[in-house]
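Here the structure is laid out as structure tokens; the discussion comes afterwards.
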Amino acid sequence: MKMKKAKKFFRRKIILDKLAAVGDSSAEILLGLVMETLIIAKAMCLPPRQAQNTLRYSQTPRIEIDIRSRMAFWTLLSKLKKEKLIAKNKSGRISITKRGAEYLRLKSEQPSWSKQYVPSIKTDEEIILVIFDIPEEVRGKRDWLRFHLARCGLRPLQKSVWWGESALPEELLKDIRKFNILPYIHVFSVQKEGTVSSVIAGQ
Numbered sequence: 001m002k003m004k005k006a007k008k009f010f011r012r013k014i015i016l017d018k019l020a021a022v023g024d025s026s027a028e029i030l031l032g033l034v035m036e037t038l039i040i041a042k043a044m045c046l047p048p049r050q051a052q053n054t055l056r057y058s059q060t061p062r063i064e065i066d067i068r069s070r071m072a073f074w075t076l077l078s079k080l081k082k083e084k085l086i087a088k089n090k091s092g093r094i095s096i097t098k099r100g101a102e103y104l105r106l107k108s109e110q111p112s113w114s115k116q117y118v119p120s121i122k123t124d125e126e127i128i129l130v131i132f133d134i135p136e137e138v139r140g141k142r143d144w145l146r147f148h149l150a151r152c153g154l155r156p157l158q159k160s161v162w163w164g165e166s167a168l169p170e171e172l173l174k175d176i177r178k179f180n181i182l183p184y185i186h187v188f189s190v191q192k193e194g195t196v197s198s199v200i201a202g203q
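In UniProt numbering, the protein residues as written are 1 to 203.
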């Protein structure tokens with residue numbers, strides 16, 4: 001499969017994540033791993049059948065990487081080395097440092113806007129109602145929640161009241177707990193016959 005030219009898709013976290021997973025790597029292999037992430041990320045935005053075809057035909061991808069993207073990749077590697085987030089040994093292999101691992105740990109505690117949550121299957125039997133009152137001092141997490149509610153197919157009745165026909169993904173609920181905003185959120189299941197039950201409630 002031949003992809004369009006890859007443009008700047010290089011972020012500190014993506015590169016450090018890959019190095020943390022593989023231990024150490026040559027720069028070329030690392031670049032290939034990053035591009036593989038790009039293929040998967042693009043596939044997740046496609047309809048299911050098209051996504052399957054994309055992933056199937058990309059098992060041995062021929063990725064054309066333009067010169068500007070290669071330069072951007074090498075520039076970022078140089079910055080990561082100066083920041084002591086990565087190190088290069090005598091044979092030229094790159095590995096993540098303790099400082100780099102700590103950077104990843106701190107990043108993991110922050111909400112991710114790029115993370116993909118798989119929406120649950122829609123049902124005609126119930127409506128999900130999400131009501132929240134997240135304090136202004138953590139408005140970044142409030143904006144993050146609204147963003148992902150919309151991506152999961154929910155729609156706003158008001159800024160802090162959203163509804164949808166699919167249950168919230170379990171992974172999203174885990175992150176809501178992880179980011180300590182569960183006490184400000186109530187999720188209700190409204191049955192077709194009018195019964196209302198609490199799914200999760202701030203505690």
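Glycine included, C-beta positions come from ideal geometry on N, C-alpha and C. Model, not experiment: these values are computed from the prediction.
Through-space distance from E165 to R12, alpha-carbon basis: 37 Å
Which residue or residues does DSSP assign as beta-bridge partners of A87? S95
Residue span of the alpha helix (DSSP H) that contains V22, given as start and end: 12-22
Under the three-state DSSP convention, the category F188 falls into: strand
Can you say whether R142 is buried or exposed, counting buried as having 16 or more other CB atoms within 10 angstroms of its CB? buried
Please classify G23 as buried or exposed, where buried requires at least 16 other C-beta atoms within 10 Å of its C-beta. exposed
Along the chain, where does the alpha helix (DSSP H) that runs through L129 open and close? Premise fails: L129 lies in the beta strand (DSSP E), 126-132, not in any alpha helix (DSSP H).
Is it true that the CB of L168 sits closer than 8 Å to the CB of S95? no
Rounded C-beta distance between L104 and D17? I'm assuming under 8 Å. 7 Å
Just checking my contact of V190 with I131 at CB under 8 Å: how many whole Å lie between their CB atoms? Rounded, the Cβ-Cβ distance is 12 Å, inconsistent with contact.
Taking 7 Å as the limit between beta carbons, can you name the residues of its chain near W144, skipping five residues before and five after? P111, W113
Grouping DSSP H, G and I as helix and E and B as strand, with all else coil, what is P156? strand
Pull up the DSSP beta-bridge partners for G164, would you. I128
Distance between V187 and K82 (C-alpha atoms, nearest Å): 46 Å
In three-state DSSP terms, what is S120? coil
Compare the Cα-Cα distances from Q116 to each of S25, L129, E170 and report the closest residue. E170
In angstroms, rounded to a whole number, what distance separates the CA positions of L149 and R155? 8 Å
Would you decide whether P175 is buried or exposed? Buried here means 16 or more other CB atoms lie within 10 Å of its CB. As written in the sequence, residue 175 is Asp, which differs from the Pro given in the question. So D175 counts as buried.
May I ask you to list the residues that DSSP assigns as paired with S25? I94
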